[in-house]
Each structure stands twice: as structure tokens, then as C-alpha cells.
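What follows is a set of notes on a single structure, which appears directly below.
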Amino acid sequence: MDIKFKYQGCTLENPEAAALMKAAKAKQPFEIDLETLIDVKIMDSDKLFSLSVEQKSSALASLAFKLATSEKATPKYSALVKNKPSTKKLETSKDPLDIVEEINKSVSYRSAGAALLLHLCTTTDYRAIRDIAVEFVNKCSSEYRIKSTSAVYRGFKKNASKVFEPTELSPGTPRRDSFYVCPLYISLRSGLLYCDSNGLLSLRQQYSCGSRREDASSKAEAMKRMFYTFKLTDKGNQVKEMWGDIETYLVNFYKSRQA
39 MDIKFKYQGC TLENPEAAAL MKAAKAKQPF EIDLETLIDV KIMDSDKLFS LSVEQKSSAL
99 ASLAFKLATS EKATPKYSAL VKNKPSTKKL ETSKDPLDIV EEINKSVSYR SAGAALLLHL
159 CTTTDYRAIR DIAVEFVNKC SSEYRIKSTS AVYRGFKKNA SKVFEPTELS PGTPRRDSFY
219 VCPLYISLRS GLLYCDSNGL LSLRQQYSCG SRREDASSKA EAMKRMFYTF KLTDKGNQVK
279 EMWGDIETYL VNFYKSRQA
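So the sequence shown is residues 39 to 297, counted in our numbering.
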């Protein structure tokens, strides 16, 4: 990033700007509001999610998720407790049929993610993004016969049993090739926000400790990660039952998306 500092019409070098700020005892750190430089109507969270997939950028994916969360007018949950359901928020008044039409007319990773969550979730069992992704990508290979060039397989590799599993971030694996920045994961994360904001899923916050890798360092083994599990609400189940060709929508979407 190229940042230029100016003072009284003069362009300053970075060391000069730092020296001036220090001499003037200016308040630090200072903030630069990028909304004054970027059209927020163009670069919203949906656009950033799409760009993160196209550019394989984990930074854009993280920013998109952060913006999507901050775009909500009011908090949806009170403070969450480990392994406990969050306080239920009021559902929006959007009709289930309107939601089906809205998702159908928007050919995007967010819509595909929302559709996949509706398709594979139930009202009884809590699931996580990871196991939804693993189930679907293996169905794409064995059942739907989607070609190996599809973007749905990015971030996955076959194990010794010829089953697709997520590619974990490791010293020999660039982050852009790992599961957590792959199109399917980003799609599900974006879709989760959509389903949550429309009252289609019941979410709870949980934690996992350690690493999935056998050769993980002691530092990685000590790490604690937060993740969401979710199940369909009654409204979400209504949308699922109304959408008769949801599976066809998903298959066609990923057949048209190339890695």
C-alpha cells in the first residue's frame, strides 16, 4: 500500500511524517477512514466475498465477514456462553416464499451457501460448516458427477480412502490453497450470515482446542478456536420444503463454477 503524507502543500517521506508527528506530539495512533476514499455502495460485503474467491485472498474473505457482521443494524444475540444456545432473536417478517425467490434470482456464492445450508440441515441436529462442506463435496464427486475442474473441490484433497477432506494450513500448504479460503467455505460462511439474518437457522457458539494435524506444534495444540453450529428453525424448514429443486440449483451452480 502506498500512503503519501502531506503538510502545508509539501509531500513528506514516511520518516519525515513520523518525525513531524512526534515533534508535534500528535495523537497516535491516528485513523484513516477508508469510507472517504472508497465507494461503500460498490465494495459491500457481498462484493468482497466474490472478490476473495476470485483472487484467493484470505484477507478479503476475513474483511467481508467482518463487514457483513457490522452491517447488521442491531446485535442479533446477547452474550453467548460456551456450548449454550444463544438468546433467540426476533425473526424478520420476510415471507418464506419471498426468500426462495430472492435466493433463486441471485446467482452468487452467498445464495449457493444459503441453499446448501437449507438443503443439508434439519430442525433436530446441530451441524457445522466443516461437516456440511465435506458431505457436499463428496456428493459432488460420487453422486452428482461434477467435474474435477469445478471450484467446489478447491481447498480439498483425497485421503488414502479416496474420500475428499479439507486441506489444512501447514508449512507446505499456502493459505490460498487451504480449506478456510476455498470457495465452498466462503460460500457457506456468507450463506450462514444470510440465513441467520432471515431467521432460518438457530445458532450456538462452541469452541475447539488443538489442531487437526498430527504434526502440529505445541503452540497449535494449545490454540482455542470459536465456531458456530446450527440447525434449521421452523421458518428455515418451511423454506426448505417450499424449494423443491434446491438440489438441482446447487448442482448447476457448481457445474458452472470453474477453479
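Where is the CB? At the ideal position from N, CA and C, for every residue including glycine.
The residues Arg242, Thr267, Phe268 and Lys269, in chain order, have a CB closer than 7 Å to that of Tyr164 in the same chain once the five nearest residues on each side in sequence are set aside. Excluding the 5 residues flanking it on each side, Gln276 has same chain C-beta neighbours closer than 7 Å at Pro134, in chain order. Counting other Cβ atoms within 10 Å of its Cβ, Asn197 stays below 16 and is therefore classed as exposed. Taking the Cα positions, Glu181 is about 11 Å away from Glu173.
Taking 4 residues as the shortest admissible run, the stretch 145 to 230 contains the following complete alpha helix (DSSP H) segments, listed from N- to C-terminal end: 147 to 158 and 167 to 180. Straight-line measurement puts the Cα of Met280 at about 32 Å from the Cα of Val201. Comparing alpha-carbon positions, the option among Val289, Leu207, Ala57 and Ala297 lying closest to His157 turns out to be Val289. Beta-bridge annotation (DSSP): Tyr232 is not paired with any residue. Counting along the chain, the unbroken beta strand (DSSP E) around Thr49 starts and ends at Cys48 to Leu50. Between Thr286 and Ser240, the beta carbon gap of about 27 Å keeps them out of contact (Cβ cut-off 8 Å). DSSP, read as helix, strand or coil, puts Thr286 in helix. If you check the CB distance, Leu207 and Ala171 do not come in under 8 Å.
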